[in-house]
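Heads up: the structure comes next, in structure tokens.
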Amino acid sequence: MTTPIDRIAQGDEADILALNNEHAAELSWLEAERLSFLLGEAFYARRIGDLEAFIMTFDQEANYDSPNFIWFRERYGRFIYVDRVVVAAHARGRGHARLLYQDLFEHAERAGHTLVTCEVNADPPNPASDAFHAALGFTEVGEAVIHGGKKTVRYYVKQIVT
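When you number the sequence shown by numbering that gives the first Met the number 0, it's gap-free, plus one each residue, and the end is 161.
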């Protein structure tokens, strides 16, 4: 039985915030107001089940000041940027992240996009995420040191067919 993918609703925000902030080291800490703002800017924001996982993405038009998003905007005219994907600890190993990405690829393609982008931490390292994105067909296109030298990231892109 497949767990449905649903749009993130305003009533989901407190749970999304808690799950995000459990993974702030890999992502970034969010306050409630910031999360609400970002969800309003999102191209695609979905959750699985009783918040077993979620994804939030932006297109090139988003009002977003993330250094990673800006890196892509400076280099690509049209793209979807995957800002965060989180799977709750109790739901790992069920294929939720892959399912969310596949649904995103279909949604992006229907909207006429041909490029999906993301970043993965290089320092602190995240080898599981590197391997996951490689398996999905992402290729590395750059690297940057951000947040005053506290983090190094690798930038990835995936071409999708339209």
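Backbone N, C-alpha and C define an ideal beta-carbon position, used for all residues, glycine too.
No experiment lies behind these values; they were computed from the predicted model shown.
- The alpha carbon of Glu105 has as its nearest neighbour, out of Phe42, Phe36 and His22, the alpha carbon of Phe42.
- Gln158 carries a strand assignment under DSSP once its states are collapsed to helix, strand and coil.
- In the structure shown, the three-state DSSP call for Ala87 is coil.
- Exclusion of the five residues before and after Arg153 leaves Val119, Ala121, Glu139 and Glu142 as the residues of its chain whose Cβ lies within less than 6 Å of its Cβ.
- For the set Ala130, Pro126, Tyr80 and Ala127, the Cα lying nearest the Cα of Thr116 is the one of Tyr80.
- Annotated three-state conformation of Phe53 is strand, per DSSP.
- Counting only the Cα atoms, Tyr63 lies some 14 Å from Leu29.
- For Asn19, the enclosing alpha helix (DSSP H) begins and ends at Glu12 to Glu21.
- Rounded to the nearest whole angstrom, the C-alpha separation of Ala61 and Gly92 is 32 Å.
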